[in-house]
């Protein structure tokens, strides 16, 4: 009688080079997008627009990797731009006119958070900046 072998168990630890590569790729994408979002945080910039552009750039950068393989990938944490008066990550609703109108102010401390994931291996990055004056 033939016996069927159990499928090989996948090693999801960092000892597996594939796992480490996916984490590193997600981290590189997240860091690249964080740098771009930081540059968009200027006096008078609408937070909702900065968040939308950040998410769009995340999607574009994620689409460039692992194209030939069927691997789940996407946003691990949406782009949030939180003025110092907000305790939690903040992404305003575009459908709420009052929230959509919120702009960044010069010399305001802003927390930025976002992340990408490749095959479930996510990398979320954060930074705090002072919004530069446009003058």
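Residue numbers (our numbering): 482 to 616.
A virtual CB, placed ideally from N, CA and C, is assigned to each residue, including glycine.
- For residue 513, the closest of 546, 522, 488 and 542 by C-alpha to C-alpha distance is 542.
- With distances taken between CA atoms, residue 589 lies nearest to 524 out of 498, 568 and 524.
- Taking a 10 Å sphere around the C-beta of residue 493, we find fewer than 16 other C-beta atoms and assign the residue as exposed.
- Annotation: residue 577 to residue 557 spans about 24 Å, alpha carbon to alpha carbon.
- Excluding residues up to 5 positions away in sequence, 532, 570, 571, 572, 592, 593, 594 and 595 lie with their Cβ nearer than 8 Å to the Cβ of residue 561 in the same chain.
- In the structure shown, residue 582 falls within a coil segment according to DSSP collapsed to helix, strand and coil.
- For residue 595, the uninterrupted beta strand (DSSP E) segment begins and ends at 590-599.
- Residue 568 sits in coil when the DSSP states are folded into three classes, being neither helix nor strand.
- The Cβ-Cβ distance between residue 553 and residue 600 falls below 8 Å.
- In the DSSP assignment, residue 520 falls within the alpha helix (DSSP H) that extends over 498-521.
- Only exposed fits residue 501, as fewer than 16 other CB atoms lie within 10 angstroms of its CB.
- In the structure shown, residue 577 falls within a coil segment according to DSSP collapsed to helix, strand and coil.
- Taking 8 Å as the cut-off, the beta carbon of residue 526 is found no closer than this to the beta carbon of residue 579.
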